[in-house]
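First comes the structure, then the notes that go with it.
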């Protein structure tokens with residue numbers, strides 16, 4: 001009789017251990033999924049940071065180019081105004 005009780009307790013303990021193991025396995029699967037999501041987010045964040053750096057460089061070079069273009073048009077305009085024949089020069093007498 002004692003052997004039967006001992007076997008029943010061992011069986012119930014084994015059933016509890018199987019339940020605990022299944023729970024742990026399901027938790028491990030959930031954690032793996034969350035890890036993959038987190039890695040994906042980190043990759044996206046790294047890509048976004050790289051894109052922002054490139055965007056900053058493009059903006060910097062574009063603004064420098066625009067400023068140089070404006071200055072160049074002003075210089076060419078002033079040069080053309082000087083070369084214009086309509087411009088009346090004062091000649092000393």
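In the UniProt record's numbering, the protein residues as written are 1 to 93.
All C-beta atoms, glycine included, are put in the ideal place defined by N, C-alpha and C.
Owing to the predicted nature of the structure, the values given are computational and were not obtained by experimental measurement.
(request) To the nearest angstrom, report how far apart residue 25 and residue 53 are at their CA atoms. (result) Walking along the chain shown from the start, residue 25 turns up at place 25. Walking along the chain shown from the start, residue 53 turns up at place 53. Their backbone Cα atoms lie some 42 Å apart in a straight line.
(request) Output the distance between the C-alpha atoms of residue 32 and residue 16, rounded to the nearest integer angstrom. (result) For the purposes of this step, residue 32 is taken as the residue at position 32 of the chain shown. For the purposes of this step, residue 16 is taken as the residue at position 16 of the chain shown. Going from the Cα of residue 32 to the Cα of residue 16 covers about 24 Å.
(message) Within the continuous alpha helix (DSSP H) that includes residue 40, where are the two ends?
(response) In the chain shown, residue 40 corresponds to position 40, counting from 1. Note, residue 40: alpha helix (DSSP H), 2-83.
(message) For residue 36 and residue 58, what's the separation of their Cα atoms in angstroms?
(response) In the chain shown, counting from the first residue as 1, residue 36 sits at position 36. In the chain shown, counting from the first residue as 1, residue 58 sits at position 58. If you take the alpha carbons of residue 36 and residue 58, they lie about 33 Å apart.
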